[in-house]
Structure formats: structure tokens, C-alpha cells
Amino acid sequence: MTVHYAVDRGRATVRLDRPEVLNALDRPTLEALRDRFREASADHSVGVVVLTGTGERAFCTGADLDEQKAFLERPNDYWDWMSRFIDAIEAVKGCSKPVVARLNGMAVGGGNELNLACDLAVAADDVVLRHVGPSRGSLPAGGATQWMSLLVGDRRAREVLLLNRPISAKQALDWGWLNRVVPRTELDAAVDDYCDALLEKMPEITRATKVQLDYWKDLSWSMTIRMAREWLTVHAGSAEVAEGLASFEEKRPVDYAALRRSKGAAGSNPSEPGRSALSGSPPEADEAPVTQEIHDA
């Protein structure tokens with residue numbers, strides 16, 4: 010079971026449980042996440058939902074890199090993965106109950122996009138948030154390009170999404186990215202405080218308030234997400250994705266200059282599936298599987 014679900018005294022807890030890959034999102038996990046949030050949304054005994062991850066290292070680090078590597082040879086399969094990611098994000102954001110993100114560890118790429126889909130966010134003070142899309146070969150358009158500027162402003166959103174530097178929980182709190190940051194030993198108490206307060210609210214008014222607050226999020230999402238899925242599918246087998254994955258496997262820096270040169274090289278085909286911009290050769294089928302790292306959706 011990759012997603013655990015429990016209900017206790019009006020509070021549903023949804024916990025990503027893949028700590029061996031930093032709670033990364035593969036297709037079965039996305040399906041389970043979608044289903045659990047739909048279940049909580051329809052359960053009249055539930056008044057609040059908490060989304061968290063197993064362990065202390067990661068809340069969620071986005072896309073599962075083993076699956077992303079397979080998409081180099083079958084890029085059209087990415088459309089299916091992204092469709093499930095969209096369904097999961099929409100189930101979280103559209104939940105009829107308030108959703109509190111309990112950030113037990115790093116929230117990176119698609120993991121931060123899950124955080125952004127929640128209504129409130131509480132983090133341990135040693136947590137780091139980050140996006141790595143332009144560094145690793147993915148477009149952070151599963152919520153980040155749509156919603157980050159609503160929380161932190163346009164310039165800071167560009168700093169996060171273009172520079173890809175890690176942001177501390179304290180900095181994220183100062184920017185309005187998080188609601189509350191506490192020592193790790195106080196994380197559960199802080200989440201309990203929010204949940205207890207939300208359970209003392211009228212359910213229909215709370216739901217309607219969420220809908221009204223989500224107007225700008227819904228508008229930006231609906232106007233961009235389907236085109237993002239199409240672009241990401243086309244790009245899934247590109248040289249940039251291949252180089253991002255290869256550099257991680259080989260524990261070396263990405264050669265960004267080589268990628269830029271390849272765009273103008275005569276006879277080059279940087280979008281040919283499965284080929285690195287550096288070697289021009291496809292990855293071998295018997296290579297060791299990619300170990301999960303931070304990655305955008």
C-alpha cells in the first residue's frame with residue numbers, strides 16, 4: 010500500500026508511504042491519492058483532511074524517476090502519467106473539506122505542488138522546499154507555475170522556479186508560502202491545533218468559502234494545465250530530459266552549454282527520444298534503475 014488512509018474523530022489522514030524513494034509519485038500512488046481524497050470528500054463524518062508523508066526526510070519529491078526514465082523510450086506514456094497527476098492534484102484542491110499539509114520533510118517539484126493544492130501548510134523547521142524543473146528537464150506546470158505567484162508574488166515565484174535554489178522553511182514562512190513553521194517535536198501539536206479549529210466550523214459555509222477562495226487558482230489552472238500536459242508529453246523523450254536523468258545516474262553536473270549548442274547544430278535532433286545531448290546514444294536497457302531524487306512533475 011503506497012497511500013495510507015485513516016479517519017479518527019472527524020479527521021482524515023492521507024499519508025504517502027514510499028519512504029525508500031522519498032515518497033515519490035508513481036502511477037499507482039497517484040491513483041490511490043486521488044481515490045483517498047475523493048473518499049474523504051464524500052464522507053460526511055470527515056471535517057478536515059491532513060496530507061503528509063512517511064519518515065522525516067521527505068513529504069514528497071514529485072515524479073518517480075524510474076517511471077520518468079521509461080518515458081524516454083515511450084514518451085506518449087507520459088500523457089497517462091500526467092493525467093493521473095492532474096486527477097490527484099484536482100482531488101486534493103477540490104476536496105470538499107479543508108486540507109492541511111503536514112510537511113514532515115522536503116517538498117520538492119510535484120511534492121510542493123501537492124502542498125500548494127492544500128488549504129493550509131504546517132512544516133517542521135528543518136524542512137526545505139524546492140523546484141528543479143529547468144535544472145533537471147521538467148516544466149513545473151502541475152501547480153507551481155499557476156499558483157506560486159499567488160502565494161509569494163511574481164518575482165519570488167520566478168526566483169523559485171527559474172533559479173531552483175533550496176528555500177528553507179523559515180524563508181518560505183516569511184514569503185507566505187507556509188502558514189506555520191515549528192520545531193519538529195511540535196509538528197503534530199501544530200497540525201492538531203489547525204484541525205481542532207477547523208472541526209469547530211460549519212461544513213457548508215467552510216466548503217463554500219474554499220470555493221470562493223479558489224477562484225484565481227481555478228482560473229489559472231483551467232487555462233494552462235491541459236496544454237502543459239501536451240507539452241510535457243512531447244518533451245518527455247527529449248534530449249534535455251535524457252541529459253537530466255543521465256547526469257543524475259552518472260553523478261555529474263548537467264552540461265547546460267552542450268544542450269544549448271545542440272539546439273543549433275546542423276543535422277541535430279535534440280528531441281529524438283532516449284538520446285542525450287552529449288553522447289547522442291540511448292540509455293542501455295540493462296542499466297541500474299534511477300534512484301529517486303528531487304524532480305518536478
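Using the numbering used here, the letters of the sequence shown correspond one by one to residues 10 to 306.
Ideal placement from N, C-alpha and C gives every residue a C-beta, glycine not left out.
Look at Val109 and Val57 and say whether their C-beta atoms are less than 8 Å apart.
-> Locating residue 109 in the sequence shown gives position 100, counting from the first residue. Locating residue 57 in the sequence shown gives position 48, counting from the first residue. It is a contact, given that the beta carbons lie within the stated cut-off.
For Ser50, collect the residues of the same chain with a Cβ closer than 6 Å to its Cβ; drop the 5 residues on either side in sequence, then sort them by chain order.
-> Within the sequence shown, numbered from 1, the residue matching residue 50 stands at position 41. By the criterion of a C-beta distance shorter than 6 Å, Ser50 is surrounded in its chain by Cys104, Ser105, once the five residues flanking it on both sides are discounted.
Mapping DSSP to helix, strand and coil, what is Gly253?
-> To locate residue 253, count along the sequence shown from 1; it is residue 244. Looking at Gly253 - three-state DSSP - the assignment turns out to be helix.
Residue ranges of each beta strand (DSSP E) within the stretch 166–243, 3 or longer | Entirely contained in the stretch 166–243, the beta strand (DSSP E) runs reaching 3 residues are, in chain order, 189–191.
Are there 16 or more other CB atoms within 10 angstroms of the CB of Arg20, so buried, or fewer, so exposed?
-> Taking the sequence shown and counting its residues from 1, one reaches residue 20 at position 11. The residue is buried, with at least 16 neighbouring Cβ atoms inside 10 Å.
Within 10 angstroms of the Cβ of His140, are there 16 or more other Cβ atoms? Answer buried if so, exposed if not.
-> Taking the first residue of the sequence shown as 1, we reach residue 140 at position 131. It counts as buried.
Kindly list the residues whose CB is nearer than 7 Å to the CB of Ala41, restricted to its own chain and excluding five residues on each side of it in sequence; keep chain order.
-> Here the question's residue 41 lines up with position 32 in the sequence shown. Only residues of its own chain outside the window of five on either side were considered, and among them Thr11, Val12 have a CB closer than 7 Å to the CB of Ala41, listed in chain order.
C-beta atoms of Glu36 and Trp90 nearer than 8 Å | Locating residue 36 in the sequence shown gives position 27, counting from the first residue. Locating residue 90 in the sequence shown gives position 81, counting from the first residue. The sequence shown places Arg at residue 36, rather than the Glu named in the question. Result yes, Cβ atoms of Arg36 and Trp90 sit closer than 8 Å.
Closest by CA to Ala153, which one among Ser271, Gly71, Thr22, Glu252?
-> Position 144 of the sequence shown, counted from the start, is the residue given in the question as residue 153. When only C-alpha atoms are compared, the closest one is Gly71.
Name the residue from Ala248, Phe257, Gln221 whose alpha carbon lies nearest to the alpha carbon of Lys272.
-> Position 263 of the sequence shown, counted from the first residue, corresponds to residue 272. Of the candidates Ala248, Phe257, Gln221, Ala248 places its Cα closest to the Cα of Lys272.
When Arg43, Asp134, Asp202, Arg238 are compared against Pro192, the one with the closest alpha-carbon = Looking up residue 192 in the sequence shown gives position 183. Out of Arg43, Asp134, Asp202, Arg238, Asp134 has the C-alpha closest to the C-alpha of Pro192.
Of all the beta strand (DSSP E) runs that stay within the bounds of the stretch 127–152, which reach a length of 3 or more residues?
-> Taking only runs of at least 3 residues, the beta strand (DSSP E) segments lying wholly in the stretch 127–152 are 129–133, 137–139.
Backbone CA spacing between Leu34 and Cys69 [nearest angstrom] | Walking along the sequence shown from the start, residue 34 turns up at place 25. Walking along the sequence shown from the start, residue 69 turns up at place 60. For Leu34 and Cys69, the distance between alpha carbons rounds to 8 Å.
Which one of Asn85, Asn121, Ala130, Leu228 has the shortest CA to CA distance from Gly246?
-> Numbered from its first residue, the sequence shown carries residue 246 at position 237. Relative to the Cα of Gly246, the nearest Cα in the group Asn85, Asn121, Ala130, Leu228 belongs to Asn85.
Grouping DSSP H, G and I as helix and E and B as strand, with all else coil, what is Asp17?
-> For the purposes of this step, residue 17 is identified with residue 8 of the sequence shown, where counting begins at 1. Asp17 sits in a strand when the DSSP states are folded into three classes.
Could you pull the start and end residues of the alpha helix (DSSP H) that Gly74 belongs to?
-> Reading the sequence shown from its first residue, position 65 is the one you call residue 74. The sequence as given places Leu at residue 74; Gly does not occur at that position. In the DSSP assignment, Leu74 falls within the alpha helix (DSSP H) that extends over 74–79.
Whole alpha helix (DSSP H) runs in the stretch 34–60 with 4 or more residues, listed along the chain?
-> Qualifying alpha helix (DSSP H) stretches, in chain order: 36–51.
Can you tell me which of Leu171, Thr194, Leu241 puts its alpha carbon nearest to the alpha carbon of Arg83?
-> Locating residue 83 in the sequence shown gives position 74, counting from the first residue. For the residues Leu171, Thr194, Leu241, the minimum Cα distance to Arg83 belongs to Leu241.
From this set, Gly151, Gln180, Arg164, Leu129, which residue's C-alpha is nearest Val137's C-alpha?
-> By 1-based counting over the sequence shown, the position of residue 137 is 128. Checking every option, the nearest Cα to that of Val137 belongs to Gln180.
Buried or exposed by the 16-neighbour rule on C-beta atoms within 10 Å, applied to Met157 = The residue you call residue 157 lines up with position 148 of the sequence shown. Buried.
For Arg24: DSSP bridge partner residues = To locate residue 24, count along the sequence shown from 1; it is residue 15. According to DSSP, which records beta bridges pairwise, Arg24 is partnered with His13, Thr61.
Cα-Cα separation, Leu160 to Leu171 = Taking the first residue of the sequence shown as position 1, residue 160 is located at position 151. Taking the first residue of the sequence shown as position 1, residue 171 is located at position 162. Straight-line Cα distance between these residues: approximately 16 Å.
Same chain, Cβ closer than 6 Å to Ala15, neighbours up to 5 away in sequence not counted = The residue labelled residue 15 in the question sits at position 6 within the sequence shown. Same-chain partners within the cutoff: Thr22.
In whole angstroms, what separates the C-alpha of Ser256 from that of Asp201?
-> For the purposes of this step, residue 256 is taken as residue 247 along the sequence shown, with counting starting at 1. For the purposes of this step, residue 201 is taken as residue 192 along the sequence shown, with counting starting at 1. Just so you know, the alpha carbons of Ser256 and Asp201 end up roughly 42 Å apart.
Measure the CB-CB distance between Leu148 and Ala237 and report whether it falls below 8 Å.
-> For the purposes of this step, residue 148 is taken as residue 139 along the sequence shown, with counting starting at 1. For the purposes of this step, residue 237 is taken as residue 228 along the sequence shown, with counting starting at 1. It is a contact, given that the beta carbons lie within the stated cut-off.
Could you tell me whether the Cβ atoms of Arg66 and Leu31 are closer together than 8 Å?
-> As a first step, residue 66 is located in the sequence shown; it is residue number 57 there, counting from the start. As a first step, residue 31 is located in the sequence shown; it is residue number 22 there, counting from the start. By the CB criterion at 8 Å, Arg66 and Leu31 fall inside the cutoff.
In the DSSP assignment, find the beta strand (DSSP E) that holds Arg93 and state where it starts and stops.
-> The count along the sequence shown starts at 1 and reaches residue 93 at position 84. From DSSP, Arg93 is part of no beta strand (DSSP E) but of the alpha helix (DSSP H) over 86–102.
Where does Val111 sit, in a helix, a strand or coil, going by DSSP?
-> Sequence index remark: in the sequence shown, residue 111 carries index 102 (1-based). Strictly speaking, residue 111 in this sequence is Arg, with Val absent from that position. It is a strand residue.
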